[in-house]
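To keep things clear, I will list the structure first and then write my remarks on it.
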Amino acid sequence: MTVLGYLANYRLGMARSFFADGKKAIGDIVYELGCRSPQHFSAAFRKKFGVAPGGLKK
Numbered sequence: 058m059t060v061l062g063y064l065a066n067y068r069l070g071m072a073r074s075f076f077a078d079g080k081k082a083i084g085d086i087v088y089e090l091g092c093r094s095p096q097h098f099s100a101a102f103r104k105k106f107g108v109a110p111g112g113l114k115k
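Residue numbering for the sequence shown follows my numbering, beginning at 58 and increasing consecutively.
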């Protein structure tokens, strides 16, 4: 695994735990994790976990 791949997996894992906690807005979490594009992040999250980030917040 490349360094960038590791970083992406780490960010997705952290985001999943933040979304499950439900205390922060999705946009805030995405930017806190250093992602510049919420759309790209959402697509990567959906690909890895099979659910959109908003699906975990509900």
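Quick reminder that beta carbons are idealized off the backbone N, C-alpha and C, glycines included.
Please read these numbers as outputs of a predicted model, since none were measured by experiment.
90 is the residue among 112, 96, 90 and 113 whose C-alpha sits nearest the C-alpha of residue 66.
Rounded to whole angstroms, the Cβ separation of residue 98 and residue 87 is 5 Å, and the two are in contact under 8 Å. In the three-state DSSP reduction, residue 71 falls in the helix class (H, G or I). The continuous alpha helix (DSSP H) containing residue 84 extends over residues 83–89.
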